[in-house]
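Written below as structure tokens is the structure these notes are about.
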DNA sequence: TAACCACCGATTGCATCCAATATCAACACA
DNA sequence: TGTGTTGATATTGGATGCAATCGGTGGTTA
């Protein structure tokens, strides 16, 4: 889905094809926050920005629409998708059911070196830094914990959900500060511990409570969706 | 996603737009079996068949690719997606986690009349008929049981999974015959019973065992994927 | 005889041009 | 003064034509 370094499914996307390349560029801009929800995307403007015609931009927007990142209205235009609180909560409900399954699948093939790396990441997060580093390390931690899974369709659905909620996750973290998310460190350690013991059920339940906690936190801060 | 009558999410797809209309037509052909997995889809051929240019066909193929129904290779062509046994099993693993959630969400708003209708459908299936009727009623039963859910993203993911596995479900049923799926009737009755008692946990577990049974049956008949 | 290379047809990807549609502002009218 | 209507403008959707790329076939050579 994404050609960036922070990808989950590295399927060979022919980025030689302009429409896919453009889709990746726009996607990155949405994910890193330079394109905020509600902002309009004009085909002509982006076409000349990327030095291409409007056709590949149009197709790129279609791709992003199916990712849920862009909302298209016929004969009218394209906007960066805006999520309501209900939609975001729904995404977390789905993640709560699916990510444990992905973690379980990954655990089947997870080697000790990767578990050590996860441990190191959890410790590094605890050292504390700025919000952007916190978000980056958190993403890295979870993606690495899923990296040994061979279930590509599942990974793709989950990556989609991560992407579509990314903006609101950042907004929430910026709002409450990382010190308010200290409890996440405990969750991460619990997950690493369960993985090291090769206990899939325990790993699942630790991850469930981690995701559920974030969901309820988001519900307590509806101003993120204003 | 789909403009046909057998749709789950009736979001206003502007079918005035040619690319969406064409996507629906091709999707229907894939779902009803007239376009089998592995078959090639030539842009020019389908363009003149639908009385349009190649551009909307190309965009329609992109849409179908993101639905997982079509596989695109750059500068080479498009084929109806073919699933391996592993991919199909993976789809069922995901369904096993997600559909119970959708059923639970639906149950919150399900009225008694709909439950009666589900009961009637379960009975009608038991009366027995040909394979095609069996498949149609089964689909109708489950979609109706989900119809009161307001979680659109969840419904969309599940519809996608149904669509991508539809061909293999049909192949399996044709192979073993409907009499071999008598046990499904019991599952359906269990689900209706749990819904009538407004017991979400019981409804979930009945549905889980229903889906899991189908998954293991599919694993026992790998020739479906030959 | 088998393997390798060059060429050619077929098919898709992209750019340019034209048509259709929505948005917005000015204007007439009650 | 408020409202409905109508026109101009901006923006997207689609058709045609050309360039780029892939797959197969024939010929050549070791």
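Protein chains in written order, with our numbering: chain S, 383 to 608; chain W, 383 to 608.
No residue lacks a Cβ here, since even glycine has one placed at the ideal position from N, Cα and C.
All figures in this text were calculated on a predicted structure; none of them were measured in a lab.
Legend entry - Coarse secondary structure for residue 535(S), derived from DSSP in three states: Indexing the first chain from 1 puts residue 535(S) at position 153. Helix at residue 535(S).
Legend entry - 8 Å CB neighbourhood of residue 387(W) in its chain, flanking five on each side removed: Walking along the second chain from the start, residue 387(W) turns up at place 5. Low confidence applies to residue 387(W): its pLDDT is 32, below 50, so where it sits in the model is not reliable, and the reading given next is rough at best. No residues qualify anywhere along the chain.
Inset, instruction - Please go through the same chain and pick out, in chain order, the residues whose beta-carbon is closer than 7 Å to the beta-carbon of residue 575(S), but skip the five residues on each side of it. - result: Taking the first residue of the first chain as position 1, residue 575(S) is located at position 193. If the five residues before and after residue 575(S) are omitted, its C-beta is found closer than 7 Å to no C-beta atom of its own chain.
Inset, instruction - Taking only beta-carbon positions, decide if residue 472(W) is within less than 8 Å of chain S. - result: As a first step, residue 472(W) must be located in the second chain, where it is residue number 90. It does: the Cβ of residue 472(W) has a partner Cβ on chain S nearer than 8 Å.
Legend entry - Within-8 Å CB hit, residue 462(S) to chain W: Position 80 of the first chain, counting from 1, holds the residue named residue 462(S). So, not an interface residue.
Legend entry - Buried or exposed (CB count within 10 angstroms, at least 16 for buried), residue 478(S): For the purposes of this step, residue 478(S) is taken as residue 96 along the first chain, with counting starting at 1. Classification of residue 478(S): buried, given that the 10 Å Cβ count is 16 or more.
Inset, instruction - Go ahead and label residue 414(S) buried or exposed: buried means 16 or more other beta carbons lie within 10 angstroms of its beta carbon, across all protein chains shown. - result: The residue labelled residue 414(S) in the question sits at position 32 within the first chain. Residue 414(S) sits exposed, since fewer than 16 C-beta atoms from the chains shown fall within 10 Å of its C-beta.
Legend entry - 3-residue-minimum beta strand (DSSP E) runs that sit fully inside the stretch 452 to 532 of chain S, ordered along the chain: Complete beta strand (DSSP E) runs here, min 3: 452 to 455 and 459 to 462.
Inset, instruction - Note down, in chain order, every chain S residue with its Cβ under 7 Å from the Cβ of residue 441(W). - result: Stepping through the second chain from its first residue, residue 441(W) is reached at position 59. Simply 441 and 444.
Legend entry - Residues near residue 493(S) in its chain [Cβ-Cβ closer than 8 Å; skip 5 each side]: Counted from its first residue, the first chain places residue 493(S) at position 111. Cβ within range, chain order: 530.
Inset, instruction - Quick one: list the residues of chain W neighbouring residue 535(S), beta-carbon separation under 9 Å, in chain order. - result: Along the first chain, one-based indexing puts residue 535(S) at 153. Near residue 535(S) (Cβ distances below 9 Å), the residues of chain W are 450, 469, 472, 473, 476, 543 and 546.
Legend entry - Contained alpha helix (DSSP H) runs [length at least 4] in the stretch 539 to 576 of chain S, N- to C-terminal order: Annotation: the stretch 539 to 576 of chain S contains no complete segment of the alpha helix (DSSP H) (minimum length 4 residues).
Inset, instruction - Please confirm whether residue 504(W) and residue 570(W) have their CB atoms less than 8 Å apart. - result: As a position in the second chain, residue 504(W) is number 122, starting the count at 1. As a position in the second chain, residue 570(W) is number 188, starting the count at 1. Yes, the pair counts as a contact, with Cβ atoms nearer than the cut-off.
Inset, instruction - Specify the secondary structure class of residue 595(W) as computed by DSSP and reduced to three states. - result: As a working note, residue 595(W) is residue 213 in the second chain. Three-state DSSP puts residue 595(W) in a helix.
Inset, instruction - For the alpha helix (DSSP H) containing residue 448(W), list its first residue and its last residue. - result: Within the second chain, residue 448(W) is the residue found at index 66, counting from 1. Residue 448(W) -> alpha helix (DSSP H) spans 436 to 448.
Inset, instruction - Could you check how far apart the C-beta atoms of residue 461(W) and residue 422(W) are, in whole angstroms? I think they sit under 8 Å. - result: Locating residue 461(W) in the second chain gives position 79, counting from the first residue. Locating residue 422(W) in the second chain gives position 40, counting from the first residue. A Cβ-Cβ separation of about 5 Å places residue 461(W) in contact with residue 422(W) under the 8 Å criterion.
Legend entry - Burial state of residue 491(S), where buried means 16 or more other Cβ atoms lie within 10 Å: Sequence index remark: in the first chain, residue 491(S) carries index 109 (1-based). Burial state of residue 491(S) is exposed, judged by a 10 Å Cβ sphere holding fewer than 16 other Cβ atoms.
Legend entry - Identity of the residue in 401(W), 470(W), 586(W) and 561(W) nearest residue 609(W) by Cα: Outside the displayed span of chain W (383 to 608) sits residue 609(W), for which this structure offers no information.
Inset, instruction - Reducing DSSP to helix, strand and coil, say where residue 579(S) ends up. - result: Locating residue 579(S) in the first chain gives position 197, counting from the first residue. Here DSSP, grouped into helix, strand and coil, assigns residue 579(S) to coil.
Legend entry - Residue from 431(S), 481(S) and 589(S) whose Cα sits closest to the Cα of residue 572(S): Along the first chain, one-based indexing puts residue 572(S) at 190. Sorting 431(S), 481(S) and 589(S) by C-alpha distance to the C-alpha of residue 572(S) places 589(S) at the top.
Inset, instruction - Would you verify that the beta carbon of residue 596(S) is, or is not, closer than 8 Å to some beta carbon of chain W? - result: Mapped onto the first chain, residue 596(S) falls at position 214. So, not an interface residue.
Legend entry - Neighbouring residues, chain S, relative to residue 539(W) (Cβ below 8 Å): For this step, residue 539(W) is matched to residue 157 along the second chain. Simply 476 and 539.
Inset, instruction - For chain S, find out if any of its Cβ atoms is closer than 8 Å to the Cβ of residue 483(W); answer yes or no. - result: Residue numbering aside, residue 483(W) sits at position 101 when the second chain is read from its first letter. For residue 483(W), the nearest CB of chain S lies under 8 Å from its own CB, placing it at the interface with that chain.
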